[in-house]
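Everything below concerns the one structure shown next.
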Amino acid sequence: MSDSRAAESGTSHHMDASIALTADMLGRRYYSPLFQNDHVDLALGHKPLHFHVPRHLLINYSPAFRSMLEPPEPEGSAARKISGSGGNLIDLPDVDPDYFAGVLSVYYGPVLMPHPKNLSFEYAAGVLRLASIYGFALAVQWATDALREDWSTSSSTWREALINPSQDKIRQAIALINLSRDINFRPFLESAFYLLCADARWGDDPSIYGPLRKADAFLLRRGIQTLY
Numbered sequence: 001m002s003d004s005r006a007a008e009s010g011t012s013h014h015m016d017a018s019i020a021l022t023a024d025m026l027g028r029r030y031y032s033p034l035f036q037n038d039h040v041d042l043a044l045g046h047k048p049l050h051f052h053v054p055r056h057l058l059i060n061y062s063p064a065f066r067s068m069l070e071p072p073e074p075e076g077s078a079a080r081k082i083s084g085s086g087g088n089l090i091d092l093p094d095v096d097p098d099y100f101a102g103v104l105s106v107y108y109g110p111v112l113m114p115h116p117k118n119l120s121f122e123y124a125a126g127v128l129r130l131a132s133i134y135g136f137a138l139a140v141q142w143a144t145d146a147l148r149e150d151w152s153t154s155s156s157t158w159r160e161a162l163i164n165p166s167q168d169k170i171r172q173a174i175a176l177i178n179l180s181r182d183i184n185f186r187p188f189l190e191s192a193f194y195l196l197c198a199d200a201r202w203g204d205d206p207s208i209y210g211p212l213r214k215a216d217a218f219l220l221r222r223g224i225q226t227l228y
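Encoded structure:
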């Protein structure tokens with residue numbers, strides 16, 4: 001998808017797909033101008049990519065969207081009407097359209113919206129973050145399975161990485177720990193911390209370990225003391 005965006009010279013593109021919202025929009029309701037033909041229109045990313053969204057997909061698969069896209073309440077209620085830019089668009093510049101397309105692929109299937117041929121760690125982690133925030137359970141499971149191939153303690157890839165962890169693997173481990181804290185997701189904490197404990201080369205490099213939060217750096221030191 002990033003290639004198609006780079007090829008376009010305009011400020012926006014269009015795709016029939018689904019929706020993502022930033023966390024501060026939870027609880028807001030969007031009304032009839034956005035429901036033409038029972039679809040919602042979104043502009044995702046800083047160079048907007050337009051998504052034409054089936055409303056039923058959001059209602060059926062995301063509890064967060066279900067609460068936002070329910071029918072308007074009677075006049076005089078406390079509900080606040082918010083329209084998108086231009087009256088028919090919801091602008092979501094902080095939502096990465098590639099990752100959200102990854103969420104949609106789980107529901108649309110590989111024919112209509114395929115995942116990239118070569119799945120990267122960043123892609124799977126990005127899909128996991130978005131899916132977790134908005135409650136797309138099937139997409140959470142897909143992303144978890146994708147990450148498990150390299151980050152399960154039974155994975156041969158993970159076991160081989162323990163012998164001499166690379167900079168990339170260490171950065172991924174730290175990213176997994178931070179992601180796990182952000183979305184309260186624990187399946188990969190053990191394997192990520194264990195890999196960091198096995199690192200005997202890069203521990204003094206702030207460019208690598210800088211993103212690790214102080215509380216987790218303290219846990220890491222305790223883990224290393226326990227192991228060695």
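So for the sequence shown, UniProt numbering puts the first residue at 1; every next one is plus one. Backbone N, C-alpha and C fix where the C-beta goes; we use that ideal spot for every residue, glycine too. Keep in mind that this is a model prediction, so the values were computed, not measured.
On a CA-only basis, which of the options is nearest residue i? Give me that one, please.
| i | options | result |
| --- | --- | --- |
| residue 237 | Leu44, Ser166, Val53 and Tyr61 | Lying outside 1 to 228, the shown extent of the chain, residue 237 is not represented and no answer is given. |
| Asn118 | Asn184, Val95, Leu104 and Leu147 | Leu147 |
| Val106 | Asp91, Leu138 and Pro54 | Leu138 |
| Arg55 | Pro48, Met68 and Thr157 | Met68 |
| Arg129 | Ala64, Ile183 and Ala215 | Ile183 |
| Ala64 | Ile133, Val40 and Pro187 | Ile133 |
| Leu189 | Gln167, Ala131, Leu212 and Pro116 | Leu212 |
| Thr144 | Ala161, Ser154, Asp216 and Ala125 | Ala125 |
| Asn164 | Leu195, Glu122 and Leu176 | Leu195 |
| Val53 | Leu44, Ile59 and Val40 | Val40 |
| Gln167 | Asp205, Gly135 and Asn178 | Asp205 |
| Phe136 | Asp38, Arg221, Tyr209 and Arg66 | Arg66 |
| Pro48 | Leu162, Lys214 and Val95 | Val95 |
Just to confirm the assignment, what range does the beta strand (DSSP E) spanning residue i have?
| i | result |
| --- | --- |
| Val111 | Neither: Val111 is in no beta strand (DSSP E) and is coded neither H nor E. |
| Val53 | Leu49 to Pro54 |
Can you list, in chain order, the residues of its chain whose CB lies under 7 Å from that of residue i, leaving out five sequence neighbours each side?
| i | result |
| --- | --- |
| Met1 | Because Met1 sits at a pLDDT of 46, beneath the cut-off of 50, its placement in the model cannot be relied upon, and the following sentence gives the value as read from the coordinates. Closer than 7 Å at the Cβ level, and outside the excluded window around Met1, lie Pro97, Asp98 and Ala101. |
| Ser180 | Arg186, Phe188 and Leu189 |
| Ala173 | Ala192, Leu195 and Leu196 |
| Asp199 | Pro165 and Ile170 |
| Gly223 | Phe193 and Cys197 |
| Pro110 | none |
| Ile59 | Phe65, Arg66 and Leu69 |
| Asp216 | Ile177 |
Within the continuous alpha helix (DSSP H) that includes residue i, where are the two ends?
| i | result |
| --- | --- |
| Ala43 | No alpha helix (DSSP H) contains Ala43, which is instead part of the beta strand (DSSP E) from His39 to Leu44. |
| Ser62 | Where Ser62 is concerned, there is no enclosing alpha helix (DSSP H), given that its DSSP letter is neither H nor E. |
| Leu195 | Leu189 to Cys197 |
| Pro206 | Pro206 to Tyr209 |
In its own chain, which residues sit with a C-beta less than 8 Å from the C-beta of residue i, not counting the 5 before and 5 after it?
| i | result |
| --- | --- |
| Met113 | Ala17, Ala101, Leu104 and Ser105 |
| Phe218 | none |
| residue 245 | For the chain, the structure presents residues 1 to 228; residue 245 sits outside this window and is missing. |
Could you name the residues that DSSP lists as bridge partners for residue i?
| i | result |
| --- | --- |
| Leu92 | Leu44 |
Can you list, in chain order, the residues of its chain with a C-beta nearer than 6 Å to that of residue i? Leave out the 5 residues immediately preceding and following it.
| i | result |
| --- | --- |
| Pro93 | His46 |
| Leu176 | Phe188 and Ala192 |
| His14 | For His14, the pLDDT reaches just 44, beneath the cut-off of 50, and the residue's location in the model is therefore unreliable, leaving the point undetermined. |
query = Unbroken alpha helix (DSSP H) runs of length 4 or more, entirely within the stretch 97 to 170: which are they?
reply = 97 to 108, 121 to 134, 137 to 151 and 156 to 163
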